[in-house]
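Position one of the sequence shown corresponds to residue 37 (our numbering), numbered consecutively onward.
We put the CB at the ideal spot given by N, CA and C, even for glycine.
Please read all numbers here as calculations on a predicted model, not as lab measurements.
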Amino acid sequence: MKNINQSFTLPNTEYWDMRSTAANRDYRIFAFKPEEAPPSGGYPVIYLLDGNALFATMVDAVRAQSRVQKKTGVCPAVVIGIGYPGDALFDPARYYDYTMPTQPDQIIPGPEGKPWPELGGVSEFIDFIEQDLKPEVERQFPIDGGRQAVLGHSLGGLFVLQALFDQPHLFQNYIAGSPSIHWNKSYMAEAEQRFVSRMGQGAGQADSSSRPQKLSLLITAGELEQSHPSRMVENASGLADRLAKLAEQGSELRVEYCEFAGESHISVLPALISRAVRFALVQAANG
């Protein structure tokens with residue numbers, strides 16, 4: 037009879053629990069550090085929402101693609117998964133962290149008519165990332181502050197867009213998979229217009245110090261989400277088309293849209309992660 041080990045650990049990973057100073061909420065942070073020595077400026081880093089569910093997939097994608105960097109263009113990177121204590125893949129606390137304050141008459145109906153968990157904590161969650169998490173990550177790992185990415189899916193994708201629109205300085209690469217733009221379309225439309233105005237103000241200026249920083253945005257969806265009642269694909273592709281016009285006007289925003297054939301809202305996750313690794317880290321490798 038074979039000896040069976042009872043557990044398996046991803047190489048070069050660890051986790052720790054943190055409490056946010058802004059809201060006294062608890063998080064579990066998953067971290068991966070490459071075996072390779074860091075570049076002189078530090079490692080690129082990918083911050084990943086829903087870490088309990090997606091961290092292992094992201095780590096394996098980074099390890100596999102960066103080991104043959106000459107072929108893939110993907111450089112080694114630190115991966116930071118933001119999750120929650122416990123074993124749930126998708127903790128209900130994510131509803132609070134990933135959503136904006138919403139008027140009762142603007143909230144989409146919950147599943148089977150049931151009420152949603154607590155909502156409206158996106159500002160506090162951004163504060164946690166900026167004031168608590170990023171400084172701790174930078175104490176533990178050599179990080180290149182100019183090569184930081186964030187990835188979220190569904191409500192996590194909504195969060196990524198909110199962070200881009202309201203706090204674009206937090207990261208350089210934003211990856212929004214199947215973003216739940218329908219959650220509060222009026223709020224998102226206003227935030228989008230503020231962002232467009234901010235980015236457009238510096239477009240074409242000769243003085244680089246007056247222009248907004250260079251930003252990259254990847255928006256994705258699964259082909260089978262065409263049938264989603266929220267119009268997921270239409271909302272995602274429409275936003276990408278609108279923001280792509282900023283680049284045509286000379287702004288410092290690069291926008292890509294990718295639709296994955298044959299994938300649904302959940303089955304799309306591995307494809308999203310694989311594409312996100314290349315989007316964030318090939319660009320990082322090329323500077």
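Taking residue i as part of the beta strand (DSSP E), name the residues at either end of that continuous run.
i, result
"N88", "Not the beta strand (DSSP E): N88 falls in the alpha helix (DSSP H), residues G87 to S102."
"I255", "L251 to G258"
"I116", "V114 to G119"
"I302", "Note, I302: premise wrong, no beta strand (DSSP E); not H, not E."
"V110", "Counting along the chain, V110 falls outside any beta strand (DSSP E), and DSSP gives it neither H nor E."
What residue from the options has the CA that sits closest to residue i's CA?
i, options, result
"R55", "P121, V232 and A212", "P121"
"S287", "V318, R314 and G236", "G236"
"F68", "E259, I179 and E270", "I179"
"L191", "L125, I82 and S216", "S216"
"P137", "A316, I309, L206 and E154", "E154"
"A176", "F66, A89, V110 and D62", "Here residue 176 turns out to be Gln, not Ala, going by the sequence shown. Here the closest residue by C-alpha is F66."
"H218", "P265, L187 and G78", "P265"
"L254", "V313, R61 and L125", "V313"
"Q203", "S263, E160 and M94", "E160"
"Y83", "V291, V232 and Q208", "Q208"
"G119", "L251, V232 and G87", "G87"
"D358", "S252, R61 and E50", "Outside the modelled stretch of the chain, which goes from 37 to 323, sits residue 358, for which no answer is possible."
"V95", "G78, E71 and K106", "E71"
"R130", "A113, T108, A89 and E228", "A89"
"V304", "T93, T45, I40 and R103", "T93"
"N48", "R99, I40 and Q42", "R99"
"E292", "G157, D168, Q285 and R278", "R278"
"E299", "V269, H205 and D123", "V269"
"G117", "Y51, P74, V318 and V104", "Y51"
"L317", "A227, I40, V104 and L85", "V104"
"Q249", "V81, H205, G77 and N220", "H205"
Going by DSSP, which residues form a beta bridge with residue i?
i, result
"D62", "R55"
"F68", "T49 and V115"
"H189", "G213"
"L84", "G117 and L187"
"I179", "Y79"
"R290", "S252"
"E295", "A257"
Taking a contact to mean a Cβ-Cβ separation below 7 angstroms, would you say residue i touches residue j in this structure?
i, j, result
"A257", "A272", "yes"
"H301", "E259", "no"
"Y134", "F195", "yes"
"V110", "Q101", "yes"
"F164", "F201", "no"
"A97", "I309", "yes"
"C294", "R311", "yes"
"S214", "H189", "yes"
"F315", "A307", "no"
"A113", "Y79", "yes"
"A283", "L275", "no"
"Y210", "V186", "yes"
"V158", "Q184", "no"
"A212", "G193", "yes"
"T45", "D168", "no"
I'd like the span of the alpha helix (DSSP H) that includes residue i, first residue to last.
i, result
"D175", "The sequence shown places Arg at residue 175, rather than the Asp named in the question. From DSSP, the alpha helix (DSSP H) with R175 extends over K170 to Q176."
"D19", "Because residue 19 is not part of the residues shown, which for the chain are 37 to 323, the question remains open."
"L279", "M268 to E284"
"D357", "There is no way to answer for residue 357, as the model of the chain reaches only from 37 to 323."
Say the cut is 6 angstroms; is the CB of residue i nearer than that to a heavy atom of the ligand ZN?
i, result
"R314", "The ligand ZN is absent from the structure shown, which contains no ligands of any kind."
Taking only runs of the beta strand (DSSP E) that begin and end inside the region 191-246, which ones reach a length of at least 3 residues, in chain order? 209-213
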